[in-house]
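Colleague:
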Amino acid sequence: MRDRSGEVGRMGSGSKNGAAGKGATTIRLPADCRMAELPALREQCLATSSSTLDATAVERVDTAALQLLVAFHRDALARGGKITWAGVSTPLREAAERLGLTKALALPASLPA
Numbered sequence: 459m460r461d462r463s464g465e466v467g468r469m470g471s472g473s474k475n476g477a478a479g480k481g482a483t484t485i486r487l488p489a490d491c492r493m494a495e496l497p498a499l500r501e502q503c504l505a506t507s508s509s510t511l512d513a514t515a516v517e518r519v520d521t522a523a524l525q526l527l528v529a530f531h532r533d534a535l536a537r538g539g540k541i542t543w544a545g546v547s548t549p550l551r552e553a554a555e556r557l558g559l560t561k562a563l564a565l566p567a568s569l570p571a
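Under this note's numbering, the first residue of the sequence shown carries the number 459, and numbering increases by one thereafter.
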């Protein structure tokens, strides 16, 4: 379900280039990136095999949301797709590092301060 701005649920932008499952999608993760706040994420993940995730606004993230992102990443790779990151916030990066998910999420290298 999309509103006039092209946003899908609470996830953020769901702009697509092409038909569902074929075109690249940009998914902007919300500031509150906890599983309870992400009802539209599963649908977006199933709709495409190639996506760009923008996690620059993430302030809070939980283990369940990170696990869902790992499953999304693995599924996209299995379907011949690719997940790229437009940006990763410090809270998301730190949570992924604590859980040992940095490589599973293919997070880009952090930039020195």
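We put the beta carbon where it would ideally sit given N, CA and C, even for glycine.
Just so it is clear, the structure is predicted and the values come from calculations on it, not from any experiment.
Thinking just about the alpha-carbon of each residue, which of Ala498, Thr510 and Thr506 is nearest to the one in Ile485?
Modeller: Out of Ala498, Thr510 and Thr506, Thr510 has the C-alpha closest to the C-alpha of Ile485.
Colleague: Let me check understanding here. Comparing Cα to Cα, which of Glu517, Ser507, Ser508 and Thr506 lies closest to Glu495?
Modeller: With distances taken between Cα atoms, Glu495 lies closest to Glu517.
Colleague: Determine whether the beta carbon atoms of Ala553 and Asp512 lie at a separation below 9 angstroms.
Modeller: No, Cβ-Cβ distance for Ala553 and Asp512 is not below 9 angstroms.
Colleague: Quick check: what's the CA-CA separation for Gly479 versus Arg556?
Modeller: Confidence is the limiting factor: at Gly479 the pLDDT is only 42, short of 50, which leaves the residue's position unreliable, though a coordinate-based value still follows. Distance between the alpha carbons of Gly479 and Arg556: 32 angstroms.
Colleague: Provide the residue span of the beta strand (DSSP E) that contains Ala489, from first to last.
Modeller: From DSSP, Ala489 is part of no beta strand (DSSP E); its letter is neither H nor E.
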